[in-house]
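A.B. asks: Right, I'll just put the structure down here and ask away after.
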Amino acid sequence: MTTKRWAHLAAAATLAVLVWRVGTGPFLDGLRAVDGRALAAASGLAVLTTVCCAWRWRTVAGGLGVELPLRTAVAAYYRSLFLNVTLPGGMVGDVHRGISHGRESRDVGLGLRAVAWERSAGQAVQILLTVAVLLVLPSPVRAVAPLVAVAVLGVAAAALAIRGWPRALTAWPAIALASALVVAGHAVTFVIAARTAGATAPPDQLLPLALLVLLGAALPNIGGWGPREGVTAWAFAAAGLGASLGVATAVVYGVMVFVASLPGAAVLFITWMRRDA
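Here the sequence shown is numbered in the numbering used here, starting from 1 and rising by one per residue.
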């Protein structure tokens, strides 16, 4: 059995365990809690984060010598997000984005490398910001946060020593700024989801949980579902907010992210129509 299939089975098993432990009630509560204001907020924040992601991708591609207009990058990124949240694995959209751009620039390998560097840079900034917040604010993992910080700094130093990073990321201040705005946008979206689900904890308690969940959401999943719900349930339970509220929050967040990605479906449809014309 392939690693990819094992990852999908693990995501499905996570959801099954959650249903067994907390029942279907929190899932249904999350669906019922979603309202127009939450969806509008998620869609608005998604515009900001998607433009920042597209800008980051354009900057990295430019560093590799590949031209990428910002308007094209934004449309392609929306399409990528929609594919990521609707197809298993959570990476199909990124692969499609890299191949499509590579074909347009007549170098598929370079197109895929640009996407890989762009995603890696974003995840690196996300991890650094998460560790920084966990060192300052109370969270379920605050006791081990200093050890995690040392490990992250070690990995970061090793990564910077790898040949290719300095050349590919010559515009690192712009990339870091864009990535920080993306993380902030996703974290605020999660806090709104928690409030919509009924959480009354203060923002300084919800923010570390949001960042932990965002790290979990990057794991292989089934259309975005699986690890995200498991990490949210654990984090909320460990913080004394209750696993059920965590599951409901994850469901609200999942619906918000899906609705916010729908412009990508429009981009996909228009692309297909142009090919058939």
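A virtual CB, placed ideally from N, CA and C, is assigned to each residue, including glycine.
For proline 88, which three-state DSSP category applies?
C.D. replies: Walking along the sequence shown from the start, residue 88 turns up at place 88. DSSP places proline 88 in strand when its eight states are reduced to three.
A.B. asks: Could you check if glutamine 90 is buried or exposed, using at least 16 other CB atoms within 10 Å of its CB as the buried criterion?
C.D. replies: By one-based count along the sequence shown, residue 90 stands at place 90. For the record, residue 90 in the displayed sequence is glycine; it is not glutamine. Glycine 90 should be labelled buried.
A.B. asks: Tell me the rounded alpha-carbon separation between valine 136 and histidine 186.
C.D. replies: Here the question's residue 136 lines up with position 136 in the sequence shown. Here the question's residue 186 lines up with position 186 in the sequence shown. Each residue's alpha carbon lies about 19 Å from the other.
A.B. asks: Compare the C-alpha of valine 188 against each of Ile175, Gln205, Pro173 and Met273 and name the closest.
C.D. replies: In the sequence shown, counting from the first residue as 1, residue 188 sits at position 188. With distances taken between Cα atoms, valine 188 lies closest to Gln205.
A.B. asks: Step through the CB atoms of chain D and report whether any lies within less than 8 Å of the CB of alanine 54.
C.D. replies: Chain labels in this structure do not include chain D; a single protein chain is all it has.
A.B. asks: What does isoleucine 222 pair with, by DSSP beta-bridge criteria?
C.D. replies: The sequence position of residue 222 within the sequence shown is 222, counting from 1. BP columns for isoleucine 222 point to Pro88 and Trp225.
A.B. asks: With a CB to CB cut of under 7 Å and the five nearest residues on each side skipped, what residues in its chain are close to proline 227?
C.D. replies: One-based indexing of the sequence shown puts residue 227 at position 227. Excluding residues within five positions, the ones whose Cβ falls inside 7 Å are Ala11, Thr14, Gly216, Ala217, Leu219 and Asn221.
A.B. asks: Which residues bound the alpha helix (DSSP H) around threonine 189?
C.D. replies: Along the sequence shown, one-based indexing puts residue 189 at 189. Looking at the DSSP string, the run of the alpha helix (DSSP H) that includes threonine 189 is 172-197.
A.B. asks: Glycine 246 by DSSP, collapsed to three states: which one?
C.D. replies: Translated into the one-based positions of the sequence shown, residue 246 becomes position 246. Note: glycine 246 maps to helix in three-state DSSP.
A.B. asks: Expressed to the nearest angstrom, what Euclidean distance is found between the alpha-carbon atoms of cysteine 53 and tryptophan 117?
C.D. replies: On the sequence shown, position 53 is the one that residue 53 refers to. On the sequence shown, position 117 is the one that residue 117 refers to. When rounded, the distance between both Cα atoms is 12 Å.
A.B. asks: Could you tell me how far apart the beta carbons of aspartate 35 and threonine 196 are, in whole angstroms, since I believe they sit closer than 8 Å?
C.D. replies: On the sequence shown, position 35 is the one that residue 35 refers to. On the sequence shown, position 196 is the one that residue 196 refers to. Yes, aspartate 35 and threonine 196 are in contact; Cβ-Cβ is about 7 Å, under 8 Å.
A.B. asks: Does the count of Cβ pairs from the segment 76-83 and the segment 256-264 closer than 8 Å reach three?
C.D. replies: Verdict: yes, contact present.
A.B. asks: Using 8 Å as the Cβ pair cut-off and three pairs as the minimum, do the segment 234-250 and the segment 56-67 touch?
C.D. replies: Short answer: they don't touch.
A.B. asks: May I have the straight-line CA-CA distance separating arginine 113 from glycine 25, to the nearest angstrom?
C.D. replies: By one-based count along the sequence shown, residue 113 stands at place 113. By one-based count along the sequence shown, residue 25 stands at place 25. Cα to Cα, the separation comes out at about 43 Å.
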